[in-house]
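Note that the working numbering numbers the sequence shown so that position 156 is 156, with each residue one more than the last. What follows is one structure encoded as structure tokens, with my remarks underneath.
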Amino acid sequence: MTETSTTPSLQSNRLVPSVQHRSAPLPRMLLTLAVISIILLTLVGGSLFFFPQLIQPRWLWSLAPFNTRFLGAIYLSALVGLASMVLARRAALTRLIVPMTWVFTTVVLIVSCLQLQQFTATRRATDIWFWLYIIDCLGATYYLGYYQQHTYEGLRRLSRPWSVGLGLQAGFLGAYGLGLFLMPAAIGSWWPWPLDPFHSQLYSSIFLTGAVGAALLSYRATAIALKALGAVQVTFSVFVLLGVWIVDSAANRIDWSAGENWVWVGAIALLGLAGVGLIQQSSQLKNASDHP
Numbered sequence: 001m002t003e004t005s006t007t008p009s010l011q012s013n014r015l016v017p018s019v020q021h022r023s024a025p026l027p028r029m030l031l032t033l034a035v036i037s038i039i040l041l042t043l044v045g046g047s048l049f050f051f052p053q054l055i056q057p058r059w060l061w062s063l064a065p066f067n068t069r070f071l072g073a074i075y076l077s078a079l080v081g082l083a084s085m086v087l088a089r090r091a092a093l094t095r096l097i098v099p100m101t102w103v104f105t106t107v108v109l110i111v112s113c114l115q116l117q118q119f120t121a122t123r124r125a126t127d128i129w130f131w132l133y134i135i136d137c138l139g140a141t142y143y144l145g146y147y148q149q150h151t152y153e154g155l156r157r158l159s160r161p162w163s164v165g166l167g168l169q170a171g172f173l174g175a176y177g178l179g180l181f182l183m184p185a186a187i188g189s190w191w192p193w194p195l196d197p198f199h200s201q202l203y204s205s206i207f208l209t210g211a212v213g214a215a216l217l218s219y220r221a222t223a224i225a226l227k228a229l230g231a232v233q234v235t236f237s238v239f240v241l242l243g244v245w246i247v248d249s250a251a252n253r254i255d256w257s258a259g260e261n262w263v264w265v266g267a268i269a270l271l272g273l274a275g276v277g278l279i280q281q282s283s284q285l286k287n288a289s290d291h292p
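Written as structure tokens, this is what we have:
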């Protein structure tokens, strides 16, 4: 009787930490960093997109109208990803958001260091820019290691079409992002508006981030992660296309007779449509998890 009564107790003691680990809330420091980033992304992204005339004279480098709203679209998309993790308040989304945050902040920090001539060293805003990205990059690096051995509940294999589709999306976004980073002049010349090497490399961050997100979910994913990535893609697509339409309606700078411009716009729209599909797929995955 003694042996049979103690064995379940020992098994229970081994199982409890695992369950607690999977359902643990976000660490306080990660939550704090995310909330601060959300506030900054709301202010900066919202200003860049909705109030460009107000922020352009105060920005760290010279911004043309198209670049202003495109940069705003990037920050608003990042806002959606971080906000989804904070609203969930659980570790379920760290598998997606932490690696994406690490890629984004690391690439932007590297580009900023490579293009120091774009910044005015005597401006306080320059110091703030670099310190913020250093802190975010170090924080994301730490939590990459922190969650490396984490066990995630609800991971399920995707259907073959979605697995292949996300894999292809990761490949295309990754190749395009690397092209913008490594060959900024050549790849940047394919944009609807002229891109200098600095902005080409800077924008590589969002495509490389999207590639990592799609690759992470291409084999196994949770419903909430699919929904979050879908929301990020829809946000990015909508704000980029809206920004292009707003600016070009006033400036009339894009040559719409050029087929490559329509290909670029179509690719951005397709990314948004794929995001809608991911959100729908997340509901099906959630239903499958609830009714195995």
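Every residue gets a Cβ at the ideal spot worked out from N, C-alpha and C, and that includes glycine.
Please report the Cβ distance between residue i and residue j, rounded to the nearest whole angstrom; I am assuming they are in contact, meaning their Cβ atoms lie under 8 Å.
i: Leu48; j: Thr68; result: 5 Å
i: Leu216; j: Leu96; result: 6 Å
i: Leu241; j: Val265; result: 7 Å
i: Gln169; j: Ala250; result: Not confirmed; about 32 Å, so no contact.
So what's residue i in DSSP terms, helix, strand or just coil?
i: Arg90; result: strand
i: Ala221; result: strand
i: Arg156; result: strand
i: Pro99; result: helix
i: Pro197; result: helix
i: Pro192; result: coil
i: Pro27; result: coil
i: Thr151; result: coil
i: Arg123; result: coil
i: Leu60; result: coil
i: Gln115; result: coil
i: Met183; result: coil
i: Phe51; result: coil
i: Arg14; result: Legend: pLDDT at Arg14 = 37, less than 50; position of this residue unreliable, value from coordinates given subsequently. Reduced to three states, the DSSP call for Arg14 is helix.
Spatial neighbours of residue i within its chain, please: C-beta separation below 7 Å, excluding the five flanking residues on both sides.
i: Leu93; result: Ser84, Met85, Ile224, Ala225, Ala228
i: Glu260; result: Trp190
i: Ala140; result: Val98, Thr101, Trp102, Thr105
i: Val35; result: Val86
i: Ser159; result: none
i: Gln281; result: Trp162, Leu226
Would you please verify whether the beta carbon of residue i is less than 8 Å from any beta carbon of chain C?
i: Leu26; result: The structure shown contains no chain C; it holds only a single protein chain.
Look at the Cβ atom of residue i, then the Cβ atom of residue j, and state whether they are nearer than 8 Å.
i: Leu208; j: Gly171; result: no
i: Gln201; j: Gln117; result: no
i: Leu155; j: Ala214; result: no
i: Val247; j: Phe66; result: yes
i: Gly230; j: Val276; result: yes
i: Leu26; j: Ala91; result: yes
i: Leu54; j: Phe239; result: no
i: Ser237; j: Ala269; result: yes
i: Thr42; j: Leu82; result: no
i: Tyr133; j: Ser163; result: no
i: Thr222; j: Tyr152; result: yes
i: Pro194; j: Ala185; result: no
i: Leu293; j: Gly188; result: Any property of residue 293 remains undetermined from this structure, which presents the chain solely from 1 to 292.
i: Arg123; j: Arg220; result: no
i: Gly272; j: Val234; result: yes
Excluding sequence positions up to five away, which residues of its chain have a Cβ less than 6 Å from the Cβ of residue i?
i: Phe104; result: Ser205, Thr209
i: Leu278; result: Leu226, Leu229, Gly230
i: Arg22; result: Low confidence applies here, because Arg22 scores a pLDDT of 43, under 50, leaving its location unreliable; read the following figure in that light. Taken in chain order, the residues that qualify are Thr151, Glu153.
Here's a check: name, in chain order, each residue in its chain whose Cβ is nearer than 8 Å to the Cβ of residue i, leaving out the five neighbours to either side.
i: Cys137; result: Trp102, Thr105, Thr106, Leu109
i: Thr126; result: Leu60, Phe119, Thr120
i: Ile254; result: Pro192, Trp193, Val244, Asp248, Asn261
Runs of alpha helix (DSSP H) lying entirely within the segment 234-290, each at least 4 residues, in chain order: 259-290
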